[in-house]
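There are 2 protein chains.
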Amino acid sequence: MESIMSDPDWLADIKFSDQGLIPAIAQDSKTNRVLMVAWMNRESLLETVNSGYSVYWSRSRQKLWRKGEESGNVQQIEEIRLDCDGDVLTLNVVQKGNVACHTGRESCFFRVLKDGQWHTVDPVIKSPEEMYNNE
Amino acid sequence: MESIMSDPDWLADIKFSDQGLIPAIAQDSKTNRVLMVAWMNRESLLETVNSGYSVYWSRSRQKLWRKGEESGNVQQIEEIRLDCDGDVLTLNVVQKGNVACHTGRESCFFRVLKDGQWHTVDPVIKSPEEMYNNE
């Protein structure tokens, strides 16, 4: 990525947390289903906007996380929205492979609360082994 | 609310932050549109589940925020989901008055990034004065 001389105006409207992060909700652009929630920092958001594909900030690995880099399940950006407080983003995406979750499911939100228990209600579309093992 | 003898099992599966909070994404149960994102603590989540209506934790006011208490725009819970990491909730809700945002719009996500600027693309359905001034 090229060096940035100064922040674009749209970036200045965003209220990053004390850690320099903002949560991003990725939704299927056709059904609006929430697929996953991850974090972005300034750099990952700029790369997302410039590249047209979701790039998050991995808090555990402390590095850019180009979604789908390993699994191939990239997210093509259709629309980015900012909320009234300027501290949450939604991303409307086309999810390659129809799998956003590392468990091989369409969405990370596959557990429903019912009768005092979490019930897994969505199928595994692609096994994690198949997604991450390219030997 | 009655005193709780011990945490129910489903609550033990939730990974609250160091501050004891979890973000909750409220979506329209019919269209899946993301309406707002707010925080819940243990107490507000229990009250949400027991009452069937969204109760958040206001970080700025440090108190329970029974959504719609002032405006009348309550959120009736249809479904609660937990993500794979156990640290984000989605709420499928029926939004009374079709207004979730304090600006009087359906959703807090009314600004779209286009050509390097945020564009407000959604109309005000009910004026904030009308919502909050009941004199």
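From first to last, the protein sequence lines are chains L and V.
The first sequence begins at 1 in the working numbering and counts up by one.
The second sequence begins at 1 in the working numbering and counts up by one.
For every residue, glycine included, the Cβ atom is placed at its ideal position computed from N, Cα and C.
For clarity, every value in this text was computed on a predicted model and none was experimentally measured.
Can you tell me the Cβ-Cβ gap for residue i and residue j, rounded? I've got them flagged as a contact below 8 Å.
i, j, result
"A100(V)", "L35(V)", "4 Å"
"L89(V)", "A24(V)", "4 Å"
"G68(V)", "Q75(V)", "7 Å"
If I measure Cβ to Cβ from residue i and keep anything under 8 Å in the same chain, skipping five residues before and after, which residues do I get?
i, result
"D85(L)", "K15"
"D13(L)", "L82 and G86"
"P124(L)", "The amino acid at residue 124(L) is misidentified as Pro; the sequence shows Val. Contacts found: T103, G104 and R105."
"S17(L)", "D87"
"S60(V)", "none"
"F110(V)", "C101, T103, T120, V121 and D122"
"S6(V)", "none"
Please list, in chain order, all residues of the same chain as residue i whose beta carbon is under 7 Å from its beta carbon, the five residues on each side excluded.
i, result
"S71(L)", "M131 and Y132"
"S127(V)", "G104"
"S102(V)", "Going by the sequence as given, residue 102(V) is His instead of Ser. Excluding positions up to five away in sequence, the list reads P128."
"S117(V)", "It is Gln, not Ser, that sits at residue 117(V) in the sequence shown. For Q117(V), where only same-chain residues beyond five positions count, there are no Cβ hits under 7 Å."
"R33(L)", "Q27 and S107"
"I77(V)", "T48, G52, Y53, S54, L91 and V93"
"D115(L)", "none"
By Cβ distance below 6 Å, which residues in the same chain neighbour residue i in space, the five residues on each side in sequence not counted?
i, result
"E135(L)", "Note that E135(L) scores 43 on pLDDT, short of 50, meaning its location in the model is unreliable; the coordinates nonetheless yield the value given after this. For E135(L), where only same-chain residues beyond five positions count, there are no Cβ hits under 6 Å."
"V112(V)", "H119 and V121"
"N41(L)", "G20, L21 and W57"
"C136(V)", "Any answer about residue 136(V) is impossible in this case: the structure gives chain V only from 1 up to 135."
"R66(L)", "V55"
"W10(L)", "none"
"E79(L)", "N92"
"N149(L)", "Only positions 1 to 135 of chain L appear in this structure, which leaves residue 149(L) out of reach."
Does the ligand MN have a heavy atom nearer than 7 Å to the CB of residue i?
i, result
"I125(V)", "The ligand MN is not part of this structure, which contains no ligands at all."
When you compare the CB of residue i with every CB in chain A, is at least one pair closer than 8 Å?
i, result
"R111(V)", "Absent here is chain A; the protein component of the structure consists of chains L and V."
### Those runs of the beta strand (DSSP E) which lie wholly inside the segment 85–115 of chain L and span at least 3 residues
Taking 3 residues as the shortest admissible run, the segment 85–115 of chain L contains the following complete beta strand (DSSP E) segments, listed from N- to C-terminal end: 89–95 and 111–114.
### Query
Which runs of the alpha helix (DSSP H) spanning at least 4 residues fall entirely within the segment 34–67 of chain L, listed in chain order?
If only uninterrupted alpha helix (DSSP H) runs of at least 4 residues are considered, those enclosed by the segment 34–67 of chain L are 42–51.
### Three CB pairs or more closer than 8 Å across the segment 43–55 of chain V and the segment 44–57 of chain L
By the criterion of at least three beta-carbon pairs nearer than 8 Å, the segment 43–55 of chain V is not in contact with the segment 44–57 of chain L.
### Task
Identify each residue in the segment 113–133 of chain L for which the Cβ-Cβ distance to at least one residue of chain V is less than 8 Å, and report them in chain order.
Taking 8 Å as the Cβ-Cβ cut-off against chain V, the residues of the segment 113–133 of chain L that qualify are L113, G116, Q117 and W118.
### Query
Counting Cβ pairs closer than 8 Å, one from the segment 87–105 of chain L and one from the segment 22–30 of chain L, do we hit at least three?
The segment 87–105 of chain L is in contact with the segment 22–30 of chain L.
### Task
Using a Cβ-Cβ cut-off of less than 8 Å, give me the residues of the segment 4–35 of chain V that come near chain L, in sequence order.
P8, D9, W10, D13, P23, I25, Q27, T31, N32, R33 and V34: these are the residues of the segment 4–35 of chain V whose beta carbon lies less than 8 Å from some beta carbon of chain L, given in chain order.
### Task
Mind checking the segment 36–56 of chain L against chain V and listing, in chain order, the residues whose C-beta falls within less than 8 Å of any C-beta there?
Residues of the segment 36–56 of chain L with a C-beta less than 8 Å from any C-beta of chain V: M36, V37 and V49, listed in chain order.
### Query
Of all the residues that make up the segment 73–101 of chain L, which are near chain V by a beta-carbon distance shorter than 8 Å?
Within the segment 73–101 of chain L, the qualifying residues are E79, I80, R81, L82, D83, C84, D85, V88, T90 and C101.
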